[in-house]
Each structure stands twice: as C-alpha cells, then as structure tokens.
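Novice:
In my numbering, the protein residues as written are 586 to 923.
(1) For residue 880 and residue 714, what's the separation of their Cα atoms in angstroms?
(2) Measuring only the C-alpha atoms, how far is residue 594 from residue 588?
(3) Would residue 918 be called buried (16 or more neighbouring beta carbons within 10 Å of its own) or exposed?
(4) Between which two residues does the alpha helix (DSSP H) containing residue 615 stretch?
(5) Does DSSP put residue 660 in a helix, in a strand, or in coil?
(6) Which one of 894, 694, 708 has the shortest CA to CA distance from residue 700?
(7) Please report the straight-line C-alpha distance between residue 807 and residue 776, rounded to a whole angstrom.
(8) In angstroms with no decimal places, state the Cα-to-Cα distance between residue 643 and residue 693.
(9) Ends of the alpha helix (DSSP H) at residue 732?
(10) With a CB to CB cut of under 6 angstroms and the five nearest residues on each side skipped, what residues in its chain are close to residue 771?
(11) Only counting runs of 4 or more residues, tell me where the alpha helix (DSSP H) segments fall wholly within the region 856-885, in order along the chain.
(12) Measure the C-alpha to C-alpha separation of residue 853 and residue 629 and round it to an integer number of angstroms.
(13) Residue 796 bridges to which residues according to DSSP?
(14) Determine the contact status of residue 654 and residue 671, defining contact as a CB-CB distance below 8 angstroms.
(15) Quick check on DSSP: helix, strand or coil for residue 761?
(16) Mind checking residue 661: buried by the 16 CB within 10 Å criterion, or exposed?
(17) Considering only residues of the same chain and omitting the five flanking positions on each side of residue 875, which have a CB-CB separation below 6 angstroms?
(18) Going by the C-beta, is residue 642 closer than 7 angstroms to any heavy atom of the ligand SAH?
(19) Could you say which of 764, 827, 787 lies nearest to residue 821 if we only look at CA atoms?
(20) Counting along the chain, where does the beta strand (DSSP E) carrying residue 695 start and finish?
(21) Distance, Cα to Cα, residue 731 vs residue 750?
(22) Are residue 862 and residue 826 close, meaning C-beta to C-beta below 8 angstroms?
(23) Roughly how many angstroms lie between the CA atoms of residue 610 and residue 695, to the nearest whole one?
(24) Ignore the nearest five residues each way along the sequence and tell me which others in residue 649's own chain have a CB closer than 6 angstroms to its CB.
What follows is the structure, encoded as structure tokens:
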C-alpha cells in the first residue's frame with residue numbers, strides 16, 4: 586500500500602499528532618451540548634484555525650473535527666441526514682490547511698464511538714454499526730483524508746464493526762481505545778486484550794493504541810502493556826494533559842506544557858511511534874512536545890517507578906492485566922498505588 590501516512594510511518598522516527606479538539610473549540614466559543622461537527626459548515630474559519638494551530642505547533646498529523654460524525658451522534662442534533670456532508674467538509678478544511686503547510690502533514694479522519702451499546706448487551710446490531718461507520722468513512726474519504734482514525738472506543742464489538750466498515754470504504758485506518766477504568770476500557774478491555782483484538786482482525790489497523798483515559802502516567806503504563814505483548818505494529822499514545830479539575834465553573838487540565846514535553850519523550854521511549862495529546866492539550870503543549878522530541882535523545886524504556894517520578898502517580902493500583910510479576914517486573918517496574 587502506497588499512501589502518505591504509510592510513507593510517513595516509514596520515514597519518521599516518531600510522528601507528532603495533534604492535541605484536543607473539544608478543549609480548543611470551547612475556547613473559541615463552542616457551548617457545552619453543541620455539536621462540534623456543525624461548525625464544519627457554520628464556522629469553517631474556526632475549524633481552519635483549529636487545524637492550523639496544530640500544524641503551526643509542529644504536528645505531523647492532525648485529526649478532523651468529525652469525532653461525533655456518525656448518524657447516531659448527529660441524530661441528537663437533528664443532523665443525521667448530514668453525515669456525508671459534515672464529514673466531507675471537515676475533511677476538506679483539513680486538506681486545505683495541510684496542503685498549505687509547506688511540509689508533509691497527514692489529515693486523519695476522526696471517527697468516534699456511536700454512543701450506543703452494541704448487542705448482546707445493548708440494542709445496536711453489528712450490521713447497523715457497520716452501516717453508520719461506513720457512511721461516515723465515505724464522507725471523510727470524499728473530503729480527502731489520508732487515513733481514517735478510530736478513537737475513544739471501549740467495546741471490542743464496536744472496534745470490529747468500524748474495521749469492517751473501513752474495509753468497505755477501502756481506506757487505511759488507525760484505531761485507539763480509551764483505558765479509563767483502572768487500566769481497562771469501560772467495557773473491560775485491557776491493553777493485552779487490545780493487542781489480541783487488533784491482530785485477530787481481517788483488516789487490521791496500520792497503527793493502534795490508546796487515547797484520552799485518565800492522565801499521562803496511566804496511558805504510558807498502557808503503552809508498556811502493549812509492548813509487553815511483543816507487538817510490532819506501530820503504537821499510538823494520545824494522552825490527556827494531566828487530570829481534569831473543576832476550577833471556577835470550567836474543566837481545567839493540570840498538565841503543563843513542560844509536563845507534556847516529558848510525557849512525549851517517555852511515550853517514545855516506552856515504545857510509542859505516534860504521540861499526541863487528547864483532552865486539555867493546546868498548541869502551547871504541542872510546541873513543547875515537538876521541541877522535546879526533536880532535542881532529547883532516545884533513552885531506555887521507562888519503568889513504572891520512573892513514570893510515577895516524572896509524571897505523577899497512577900490513578901489505579903493496576904492496569905488490569907493481572908499480576909505485575911514476570912515479564913512486567915523484568916522491565917524494572919513494580920506495582921504502585923496512587
């Protein structure tokens with residue numbers, strides 16, 4: 586497969602992704618409860634500014650403003666009939682900014698969860714989920730994305746449905762899950778489980794990993810969990826800028842640009858190939874992350890103790906993969922309590 590993203594994977598030692606979408610759009614005036622995707626059509630200059638902020642900060646790759654772009658999510662705003670349009674426009678705006686960057690920048694089409702629970706626990710069927718993801722993927726493809734980017738997934742069934750949909754769209758893809766419940770996804774998936782899931786797919790992602798979650802320390806423990814499985818597939822780490830706190834009526838993330846710079850280099854040393862930020866990560870964080878990745882030589886894989894010392898305590902005693910002995914203890918890490 587010859588594709589701009591595949592070429593970047595081959596040519597770059599590390600790829601800096603973007604930061605937060607929601608945090609940046611709220612700063613631009615988006616109100617809680619509004620659909621960010623509607624801004625693709627209604628506020629295109631603000632979406633251009635969102636994308637340009639990442640590019641100017643040094644990102645090699647940014648995600649489109651289409652996280653909630655399935656019919657299931659857009660139905661909440663009576664926009665379920667606009668899936669193709671809103672995804673296409675979000676991608677076109679991204680293509681416009683990337684093509685003006687003066688260097689190669691990858692446009693990744695963001696695809697978030699449907700927000701519905703899949704069978705047998707819930708009512709969303711596999712076929713319906715595939716249809717929704719396929720519709721969104723076709724809009725992103727039409728708009729010119731280089732790669733599809735599934736993110737913040739909790740259920741393996743939804744991950745599989747998206748993979749099938751992306752095959753129907755004939756598009757390369759990446760996919761991350763959110764490990765936000767004591768080192769597991771909301772549906773109980775561990776880092777080890779995810780590696781097995783990815784490798785079992787008929788249409789596996791070009792890269793996989795974790796995003797969002799509960800902070801920089803926890804996501805690096807998850808990255809080490811991926812590495813412990815012996816995977817050779819490129820790993821993604823897109824962690825939040827610290828821990829969210831409610832300050833003066835607003836959610837504030839306590840991760841400073843300097844902390845995120847340390848996180849970026851530790852994520853690389855832990856085994857991640859594609860590194861970015863999620864909630865709370867602003868262009869000023871990305872600037873420091875870019876500088877750190879460019880100027881800090883590679884180091885040894887960090888131990889769990891070193892991660893805690895540099896980035897703060899884990900939010901749970903374990904990452905959900907079981908006893909920390911044997912292979913995991915061989916990395917020099919031992920279980921820490923938050």
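For each residue, glycine too, the CB sits at the ideal point set by N, CA and C.
Specialist: According to the structure data:
(1) Position 295 of the chain shown, counted from the start, is the residue given in the question as residue 880. Position 129 of the chain shown, counted from the start, is the residue given in the question as residue 714. The alpha-carbon atoms of residue 880 and residue 714 are separated by roughly 44 angstroms.
(2) If you number the chain shown from 1, residue 594 lands on position 9. If you number the chain shown from 1, residue 588 lands on position 3. Each residue's Cα considered, the two are about 10 angstroms apart.
(3) Counting from one through the chain shown, the residue named residue 918 turns up at place 333. Legend: pLDDT at residue 918 = 34, less than 50; position of this residue unreliable, value from coordinates given subsequently. Under the 10 Å beta carbon count, residue 918 is surrounded by 16 or more other beta carbons and is classified as buried.
(4) The count along the chain shown starts at 1 and reaches residue 615 at position 30. Going by DSSP, residue 615 is part of no alpha helix (DSSP H) at all; its letter is neither H nor E.
(5) Taking the chain shown and counting its residues from 1, the one referred to as residue 660 is at position 75. Of the three classes helix, strand and coil, the one that applies to residue 660 here is helix, per DSSP.
(6) Taking the chain shown and counting its residues from 1, one reaches residue 700 at position 115. The shortest Cα separation from residue 700 among 894, 694, 708 belongs to 708.
(7) Looking up residue 807 in the chain shown gives position 222. Looking up residue 776 in the chain shown gives position 191. Approximately 6 angstroms, taken between the alpha carbons.
(8) To locate residue 643, count along the chain shown from 1; it is residue 58. To locate residue 693, count along the chain shown from 1; it is residue 108. Each residue's Cα considered, the two are about 16 angstroms apart.
(9) Translated into positions along the chain shown, residue 732 becomes position 147. According to the DSSP assignment, residue 732 belongs to no alpha helix (DSSP H) but to the beta strand (DSSP E) extending over 732-738.
(10) Within the chain shown, residue 771 is the residue found at index 186, counting from 1. By the criterion of a C-beta distance shorter than 6 angstroms, residue 771 is surrounded in its chain by 739, once the five residues flanking it on both sides are discounted.
(11) The region 856-885 contains these whole alpha helix (DSSP H) runs: 868-880.
(12) On the chain shown, residue 853 is found 268 positions in, with the first residue counted as 1. On the chain shown, residue 629 is found 44 positions in, with the first residue counted as 1. Rounded to whole angstroms, the separation of the alpha carbons of residue 629 and residue 853 is 34 angstroms.
(13) Taking the chain shown and counting its residues from 1, one reaches residue 796 at position 211. 823, per the DSSP bridge assignment.
(14) Residue 654 sits at position 69 when you count from the first residue of the chain shown. Residue 671 sits at position 86 when you count from the first residue of the chain shown. Yes, Cβ-Cβ distance for residue 654 and residue 671 is below 8 angstroms.
(15) Residue numbering aside, residue 761 sits at position 176 when the chain shown is read from its first letter. Here DSSP, grouped into helix, strand and coil, assigns residue 761 to strand.
(16) Translated into positions along the chain shown, residue 661 becomes position 76. Residue burial annotation: residue 661 is exposed, with fewer than 16 other C-beta atoms found within 10 angstroms of its C-beta.
(17) Here residue 875 refers to the residue found at position 290 when the chain shown is read from its first residue. Exclusion of the five residues before and after residue 875 leaves 601, 643 as the residues of its chain whose Cβ lies within less than 6 angstroms of its Cβ.
(18) With respect to the ligand SAH, the structure shown offers nothing to examine, as it has no ligands at all.
(19) Here the question's residue 821 lines up with position 236 in the chain shown. When only C-alpha atoms are compared, the closest one is 764.
(20) Locating residue 695 in the chain shown gives position 110, counting from the first residue. Counting along the chain, residue 695 sits inside the beta strand (DSSP E) bounded by residues 691-696.
(21) Locating residue 731 in the chain shown gives position 146, where the first residue counts as 1. Locating residue 750 in the chain shown gives position 165, where the first residue counts as 1. Spanning the two alpha carbons is a distance of roughly 16 angstroms.
(22) Counting from 1 along the chain shown, the entry for residue 862 is found at position 277. Counting from 1 along the chain shown, the entry for residue 826 is found at position 241. Cβ distance < 8 angstroms, so residue 862 and residue 826 count as in contact.
(23) Mapped onto the chain shown, residue 610 falls at position 25. Mapped onto the chain shown, residue 695 falls at position 110. Each residue's alpha carbon lies about 15 angstroms from the other.
(24) Your numbering for residue 649 matches position 64 in the chain shown. Same-chain partners within the cutoff: 675, 676, 679, 694, 695.
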